[in-house]
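Read in order, the letters of the sequence shown are residues 6 to 223 in our numbering.
To start, the structure itself, in structure tokens.
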Amino acid sequence: MDYTRFIRELASYDQEEEIYREFYLRKKNGQSLAPFFAKYKGETTHLSYLQHPEQIDCCPTENRFIRTGGNVSIVKHPRYFPLFYHEHTFFEMIYVLSGSCTQIFNDQTLELKTGDLCLMAPNVTHGIQVFDDSIILNILIRRSTFLDIFINTIRDKTQISMFFLNNLYEKNKIPYLLFHTEGDLIIRNYILDMYQEQKEGDEYSDRIICSILTFLSS
Numbered sequence: 006m007d008y009t010r011f012i013r014e015l016a017s018y019d020q021e022e023e024i025y026r027e028f029y030l031r032k033k034n035g036q037s038l039a040p041f042f043a044k045y046k047g048e049t050t051h052l053s054y055l056q057h058p059e060q061i062d063c064c065p066t067e068n069r070f071i072r073t074g075g076n077v078s079i080v081k082h083p084r085y086f087p088l089f090y091h092e093h094t095f096f097e098m099i100y101v102l103s104g105s106c107t108q109i110f111n112d113q114t115l116e117l118k119t120g121d122l123c124l125m126a127p128n129v130t131h132g133i134q135v136f137d138d139s140i141i142l143n144i145l146i147r148r149s150t151f152l153d154i155f156i157n158t159i160r161d162k163t164q165i166s167m168f169f170l171n172n173l174y175e176k177n178k179i180p181y182l183l184f185h186t187e188g189d190l191i192i193r194n195y196i197l198d199m200y201q202e203q204k205e206g207d208e209y210s211d212r213i214i215c216s217i218l219t220f221l222s223s
């Protein structure tokens, strides 16, 4: 794979991000929002998110983001999307491909930088801020799949295995694990390979993505 070209593609703005960015910059600069709403009056869903982020589903299920029969979904977090707090029943890995982002939960704020990989536990209320050109990838993993993928690390009593077992059996759960990969290209390329494999979307893609995740656990 031409990783440089692929990263350039991820850095480009789609229409959704263009809408969120224009709204954010107009509001930040004190400009009138009337021309904005007139311009995008047909984009009812996006406008609803911008005007009423508190009404966004705060407890999405696995099947909303992970296709039926699938185990993992990789999505680029939309830049300039309004901050909203949510929780979910699946595990989530947040990877900063470039730039930075702010992760907020409970009474704690995490500043993530390029190469950081944050593993979030299920049922932890959190929010994310990305109000610049940073590229953030979210890897969503079914709860049941997480055990299958990391079964070997559980036997070895690694940090990830203890995190998983804690979230299964303990009352005082560990909300996240943060890894500073220091821009490790092997980890970066594994994650980009998963994203590309998902885009191709053939009958073997989900299995290949799960296999790549096992490499990240080793």
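Built from N, CA and C at the ideal position, the CB exists for glycine as well.
In this text the structure is predicted, and so the values were computed from the model without any measurement.
- Thr66 and Phe110 have their C-alpha atoms spaced approximately 19 Å apart.
- Shown here for Thr219: same chain residues with a beta carbon closer than 7 Å to its own, the five before and five after excluded, namely Ile154 in chain order.
- Distances from the alpha-carbon of Ala16 to those of Leu88, Pro40 and Ile140 put Ile140 closest.
- At the C-beta level, Phe168 and Leu152 stay beyond 7 Å of one another.
- Taking the Cβ atoms as the reference, Tyr100 lies roughly 5 Å from Leu122, within the contact range of under 8 Å.
- Within the same chain, Leu142, Asn143, Ile144, Leu145, Ile196, Met199, Tyr200, Gln203 and Ile214 come within 8 Å of Ile79 by CB-CB distance, once the 5 residues on both sides are set aside.
- Counting other Cβ atoms within 10 Å of its Cβ, Leu30 stays below 16 and is therefore classed as exposed.
- One alpha carbon belongs to Asp189, the other to Asn68, and they sit about 31 Å apart.
- A residue is called buried once 16 or more other Cβ atoms fall within 10 Å of its Cβ, and Leu55 is buried on that count.
- Linking Arg147 to Cys63 through their CA atoms gives a straight-line distance of about 18 Å.
- Beyond the five residues adjoining it in sequence on each side, His51 comes within less than 6 Å, by CB distance, of Ile24 in the same chain, given in chain order.
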